[in-house]
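Using my numbering, the letters of the sequence shown map in sequence onto residues 58 to 819. Okay, so here's the structure we're looking at.
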Amino acid sequence: MRIIENVMEGWMFKKTEEIPNVLPADESWDRINLPHTYNAFDGQDGGNDYYKGKAVYVKRLERPLVSPDSEFILSFGGVNSVARVYIDGEFVQEHRGGYSRFRVNITRFFENKKSIVLAVEVDNTNSSDVYPQMADFTFYGGIYRDVSLISVPKTRFDIEYYAGSGVAVTSKLNGEDAIIDITAYVKDPDESDMVMVEVRDNDSYDDVGFVVAPAKKITKLSLKIDNPRLWNGIEDPFLYDLSIKLVRHNEVLDDVEVNHGIREYYVDPDKGFFLNGKSLPLRGVSRHQDRLGNGNALDQIDHFEDLDLILDVGANTVRLAHYQQDDYFYELCDRYGLIVWAEIPFISRMNKDPKAHENAMEQMKELVYQNYNHSSIFFWGISNEITIAGDIPGLTDNLKELNALVKSIDNTRLTTMAQVSMLPMESDHNQITDILAYNLYFGWYGGKYTDNEVWFDKFRAMHPNRAVGLSEYGCEGIISWHSDTPACKDYTEEYQAEYHEHMAKLLSERPEIWGSYIWNMFDFGCDARDEGGVQGRNNKGLVTIDRKIKKDSFYLYKAYWSDESFVHITSKRFAIRCAEKINIKIYSNMPKVRLFVNGVDLGEKEGDKIFIFENVSLNMGSNYIKAVGVILDEEVVDRTTFIREEKPFAGYVRPADEEEEDGVKNWFDDIDKENLEAGKLEFKPEFFSIKDTVDDVIRNDEAGDILVSIINQFGTMKTKKSMLGIMGGMQVDEMAAFFNPEKVDTDKVFALINKKLQEIRK
């Protein structure tokens with residue numbers, strides 16, 4: 058019988074390339090427990106200088122007291138990003154990819170030993186053949202998920218094949234009944250071995266199905282459930298419990314438990330997403346998994362808190378971006394009904410190295426095989442913004458291969474991809490996957506938030522038969538900054554709320570947008586960023602990175618999505634005011650809200666999600682505000698205090714951004730007068746050129762200013778050096794996606810960039 062032992066405690070750790078064959082005893086090694094990352098702090102403090110390199114984890118393993126015929130398999134939930142496993146100093150296995158599970162058979166090392174020394178070398182250095190190549194988040198190094206030692210008999214379900222469960226479960230409706238199909242992959246079965254499946258109702262624990270078949274290497278079984286209760290998202294995420302046993306005579310050799318939801322769904326280009334025959338527009342969030350001071354090294358309680366916050370805002374779907382996430386989180390989504398978009402980190406830039414494509418294919422296989430039985434997963438994502446570095450030759454073929462691979466493994470789910478906003482609507486990429494979506498940031502990186510509806514109207518007119526979603530949208534909101542007159546790029550909590558007020562209403566009126574995902578549910582670490590006075594972080598979350606504070610925008614979406622009655626007074630952190638009269642805005646999902654100021658009843662307003670009481674007078678000093686929502690006999694209350702002072706509070710105003718104030722956006726006045734010509738490119742090696750990496754260019758103030766100036770003059774969005782730091786090892790001449798070829802000749806723009814860079818000595 059399978060026995061699983063967690064091996065999370067008592068590790069030794071050091072940033073080193075030394076692989077010990079005994080347990081280290083000197084004080085240069087740290088004693089740690091897993092999960093662990095060595096970038097918990099430097100990966101979130103800004104400067105784009107967090108440690109990328111090797112580290113070694115060491116632990117002594119005792120042979121479990123199990124049958125002498127047992128085999129032993131180490132299971133790693135996630136090691137970022139290249140892991141090399143050693144036993145007693147001998148190299149055993151390598152895994153390339155930081156977000157998927159992998160397993161290592163170490164049976165032979167226990168043949169004549171009661172204990173062994175396990176060493177794991179971890180390397181989060183950028184590798185040309187491992188994705189992601191570059192992205193807007195920190196690549197935390199370390200063994201940051203669970204590690205376990207699994208003892209199994211020689212005959213067992215094959216848990217080594219892409220570290221899956223060894224069984225695959227699918228179902229389909231057949232009239233009023235459902236057919237459940239089970240495929241079991243059995244290692245070394247005897248002729249008399251059996252695979253036995255029992256199905257129980259998870260509410261009543263009644264047996265509702267049974268099937269048995271002779272065990273073969275690939276054993277297929279099927280059974281029928283009468284009048285099944287369907288898995289119906291957050292409304293009713295009902296799961297059947299399947300116990301799949303491998304039996305020899307009167308002994309269970311191996312047992313896999315699968316919770317399975319029976320459901321059917323489709324996406325209509327005109328009407329959007331349907332679950333079990335009913336329209337259900339998917340409205341939710343994207344999730345990065347990291348936390349303040351912990352990086353990616355999370356405990357189960359952290360995952361559960363994230364799920365609880367996502368359910369609290371009222372979302373019915375989550376995009377788990379931009380990589381495979383912890384198996385426990387997918388399990389939570391199964392149990393609580395969140396519909397999941399799962400994806401691999403094929404993001405931002407394709408590397409031309411053929412081994413990189415092999416890595417993307419391997420990570421895709423791992424994602425699908427390992428998570429096949431999670432009923433909450435409806436969509437497999439094959440890429441995200443992969444044309445930021447341009448539509449590189451071979452990219453289209455690689456995407457088609459990824460899509461075909463997914464379909465060959467799992468034809469029961471839909472494939473999708475998230476396109477960068479600059480990708481032309483007519484691109485062939487929009488015809489590869491079953492459905493698609495775009496990341497649109499009108500109202501933040503460029504344009505106005507009212508451009509979003511214009512874009513969708515145009516896309517639908519061009520592609521009436523293609524279902525399109527909104528895979529990312531959002532803007533930064535920093536709870537320190539506040540304004541009575543919020544504006545784009547001011548980073549205030551008020552502008553973030555105003556932006557989302559428009560987007561939430563837009564999405565509520567357009568069910569044909571099959572899915573929408575706020576970027577992001579939580580602020581997250583990106584060591585390259587320096588945005589709005591906060592270093593090392595992307596601040597677009599509805600909740601802060603420490604999960605302690607819900608921004609006003611959180612409550613705006615709760616008003617649209619949640620059935621839990623509430624009222625929320627906005628701008629509470631904008632507490633100190635100098636105006637005699639202010640507007641007080643309230644978010645609520647109740648039909649009426651009453652406002653009290655200093656005990657005085659200012660009356661009741663009817664509204665829809667947003668209630669504004671205008672020209673509310675404030676006394677000097679403290680003013681006590683109470684909002685009351687009433688429906689039938691139910692009353693909910695929110696309170697805050699506004700303090701009126703003589704002068705505005707300077708602490709609410711963001712300090713000037715040096716990159717914006719020192720003229721970088723227009724670094725030289727004659728840029729728009731340049732006679733742009735492609736010309737012959739020169740590459741004097743002692744000077745900068747478009748063959749240098751973005752990272753190298755922006756580290757030089759003068760060269761970086763020039764690059765930013767030209768992008769802001771001719772590009773599709775405004776940027777600054779701290780944002781370009783995300784591009785890292787990309788060469789400048791690979792930044793074609795930053796320029797719209799319909800509006801500017803990119804060859805001429807790159808010639809201009811090169812000409813200006815060639816004037817600056819390295």
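Even for Gly, the Cβ is constructed at its ideal location relative to N, Cα and C. Everything numeric in this text was worked out from a predicted model, so none of it was measured.
Identify which residue in E569, Y548 and I536 has its Cα closest to the Cα of Y502. Working through the sequence shown from its first residue, we reach residue 502 at position 445. Nearest C-alpha to Y502: Y548.
By Cβ distance, which residues of its chain are closer than 7 Å to V801, with the 5 residues on each side in sequence left out? As a working note, residue 801 is residue 744 in the sequence shown. For V801, where only same-chain residues beyond five positions count, the Cβ hits under 7 Å are F771.
Buried or exposed, going by whether 16 or more other CB atoms sit within 10 Å of the CB of I282? Within the sequence shown, the letter at position 225 stands for residue 282. Looking at its Cβ environment, which holds 16 or more other Cβ atoms inside 10 Å, I282 is buried.
Candidates L424, D363 and P568: closest to S336 by CA position: Locating residue 336 in the sequence shown gives position 279, counting from the first residue. Minimum Cα-Cα distance from S336 among the listed residues L424, D363 and P568 corresponds to P568.
Buried or exposed: which applies to T182, given that a residue is buried once 16 or more other Cβ atoms fall within 10 Å of its Cβ? Within the sequence shown, the letter at position 125 stands for residue 182. Burial call: exposed.
Just the C-alpha distance for G135 and C583, rounded to the nearest angstrom, thanks. Residue mapping note: residue 135 aligns to position 78 of the sequence shown, counting from 1. Residue mapping note: residue 583 aligns to position 526 of the sequence shown, counting from 1. CA-to-CA, the gap between G135 and C583 works out to about 20 Å.
Run through DSSP, which three-state label would H306 get? Position 249 of the sequence shown, counted from the start, is the residue given in the question as residue 306. When DSSP states are grouped into helix, strand and coil, H306 belongs to the coil group.
Can you tell which of I783, E691, A794 and M787 has its C-alpha closest to the C-alpha of I768? Taking the first residue of the sequence shown as position 1, residue 768 is located at position 711. In terms of Cα proximity to I768, the closest of I783, E691, A794 and M787 is A794.
Thinking P402 and Y380 are a contact (beta carbons under 8 Å), I'd like their distance in whole angstroms, please. Taking the sequence shown and counting its residues from 1, one reaches residue 402 at position 345. Taking the sequence shown and counting its residues from 1, one reaches residue 380 at position 323. With a contact defined as Cβ atoms closer than 8 Å, P402 and Y380 qualify at about 4 Å.
Under the assumption that Q788 contacts I747 (Cβ atoms under 8 Å), give the Cβ distance between them as a whole number of angstroms. For this step, residue 788 is matched to residue 731 along the sequence shown. For this step, residue 747 is matched to residue 690 along the sequence shown. Confirmed, Cβ separation roughly 7 Å.
Between the Cα of G318 and the Cα atoms of N408, L299 and D83, which residue gives the shortest distance? By one-based count along the sequence shown, residue 318 stands at place 261. With distances taken between Cα atoms, G318 lies closest to L299.
In angstroms with no decimal places, state the Cα-to-Cα distance between R117 and N137. The residue labelled residue 117 in the question sits at position 60 within the sequence shown. The residue labelled residue 137 in the question sits at position 80 within the sequence shown. Straight-line Cα distance between these residues: approximately 22 Å.
H557, enclosing alpha helix (DSSP H) - first and last residue: As a working note, residue 557 is residue 500 in the sequence shown. In the DSSP annotation of this structure, the continuous segment of the alpha helix (DSSP H) that includes H557 starts and ends at E550 to S565.
In terms of residues, what are the limits of the beta strand (DSSP E) holding E691? To locate residue 691, count along the sequence shown from 1; it is residue 634. Per DSSP, the continuous beta strand (DSSP E) segment holding E691 begins and ends at E691 to R701.
Candidates L206, I633 and V657: which alpha carbon is nearest E702's? Mapped onto the sequence shown, residue 702 falls at position 645. Taking only the C-alpha atoms, the option nearest E702 is I633.
Looking only at its chain, what residues have a beta carbon closer than 7 Å to the beta carbon of A561, apart from the 5 residues adjacent to it on each side? Locating residue 561 in the sequence shown gives position 504, counting from the first residue. L613, Y614 and Y617.
Quick one: residues in its chain with C-beta nearer than 6 Å to the C-beta of A475, no 5 flanking neighbours on either side, listed in chain order? Indexing the sequence shown from 1 puts residue 475 at position 418. Excluding its 5 nearest sequence neighbours in each direction, A475 has C-beta neighbours in its own chain below 6 Å: N441, A494, N496 and S528, listed in chain order.
Check Y530 in the structure and name its three-state DSSP category. Position 473 of the sequence shown, counted from the first residue, corresponds to residue 530. If DSSP states are grouped into helix, strand and coil, Y530 belongs with the strands.
Inter-residue Cα distance where the pair is E637 and S628: Along the sequence shown, read from residue 1 onward, the residue named residue 637 stands at position 580. Along the sequence shown, read from residue 1 onward, the residue named residue 628 stands at position 571. Rounded to whole angstroms, the separation of the alpha carbons of S628 and E637 is 17 Å.
Let me make sure I understand the geometry here. Which of I535, V657 and E661 has the alpha-carbon closest to that of I643? The residue labelled residue 643 in the question sits at position 586 within the sequence shown. Checking every option, the nearest Cα to that of I643 belongs to E661.
At the level of alpha carbons, what is the spacing between P285 and C390? On the sequence shown, position 228 is the one that residue 285 refers to. On the sequence shown, position 333 is the one that residue 390 refers to. If you draw a straight line from the Cα of P285 to the Cα of C390, it comes to about 20 Å.
Buried or exposed by the 16-neighbour rule on C-beta atoms within 10 Å, applied to N428: Residue mapping note: residue 428 aligns to position 371 of the sequence shown, counting from 1. N428 comes out buried.
Tell me which same chain residues have a C-beta within less than 8 Å of the C-beta of K111, skipping the five on either side of it? For the purposes of this step, residue 111 is taken as residue 54 along the sequence shown, with counting starting at 1. Here K111 has K72, T73, E74, E178, V179, D180 and T182 as same chain residues with Cβ atoms under 8 Å from its own Cβ, once five neighbours each way along the sequence are excluded.
If you check the beta carbons only, do L366 and R594 fall under 8 Å apart? Walking along the sequence shown from the start, residue 366 turns up at place 309. Walking along the sequence shown from the start, residue 594 turns up at place 537. The answer is no: Cβ separation not under 8 Å.
Give the C-beta separation of V673 and M647 to the nearest angstrom, bearing in mind that I take them to be a contact with Cβ-Cβ under 8 Å. Your numbering for residue 673 matches position 616 in the sequence shown. Your numbering for residue 647 matches position 590 in the sequence shown. 20 Å between Cβ atoms; not a contact.
Can you list, in chain order, the residues of its chain whose CB lies under 7 Å from that of H360, leaving out five sequence neighbours each side? One-based indexing of the sequence shown puts residue 360 at position 303. These residues qualify, in order along the chain: D383, Y385, F386 and L389.
Delimiting residues of the alpha helix (DSSP H) encompassing K412: Position 355 of the sequence shown, counted from the first residue, corresponds to residue 412. Run containing K412: P411 to N428, per the alpha helix (DSSP H) assignment.
Go ahead and pull the three-state DSSP assignment for R88. As a position in the sequence shown, residue 88 is number 31, starting the count at 1. Three-state DSSP puts R88 in a strand.
Of the residues L339, F98 and N408, the one placed nearest L452, counting alpha carbons only: Numbered from 1 along the sequence shown, position 395 holds the residue referred to as residue 452. In terms of CA proximity to L452, N408 leads the group L339, F98 and N408.
Since R117 sits in a beta bridge, which residues does DSSP pair it with? Your numbering for residue 117 matches position 60 in the sequence shown. In the DSSP output, where bridge partners are listed per residue, R117 has V174.
K683 - containing beta strand (DSSP E), residue span: Position 626 of the sequence shown, counted from the first residue, corresponds to residue 683. Note, K683: beta strand (DSSP E), G678 to I688.
Report yes or no: do the segment 238–252 and the segment 153–172 share at least 3 C-beta pairs separated by less than 8 Å? Because the criterion of three Cβ pairs below 8 Å is not met, the segment 238–252 and the segment 153–172 do not touch.
Could you pull the DSSP bridge partners for G503 from this structure? Walking along the sequence shown from the start, residue 503 turns up at place 446. Bridge partners of G503: F499.
Cβ distance (whole Å) where G223 is taken to contact V313 below 8 Å: Here residue 223 corresponds to residue number 166 of the sequence shown, with the count starting at 1. Here residue 313 corresponds to residue number 256 of the sequence shown, with the count starting at 1. Contact between G223 and V313 holds: CB atoms are separated by about 6 Å, below the 8 Å threshold.
Buried or exposed for K730, please, with buried defined as at least 16 other CB atoms from any protein chain shown within 10 angstroms of its CB. Walking along the sequence shown from the start, residue 730 turns up at place 673. Note on K730: pLDDT 40, under 50, position unreliable in the model; the coordinate value appears next. K730 comes out exposed.
Tell me where the alpha helix (DSSP H) around H345 begins and ends. Position 288 of the sequence shown, counting from 1, holds the residue named residue 345. Run containing H345: none; DSSP gives neither H nor E here.
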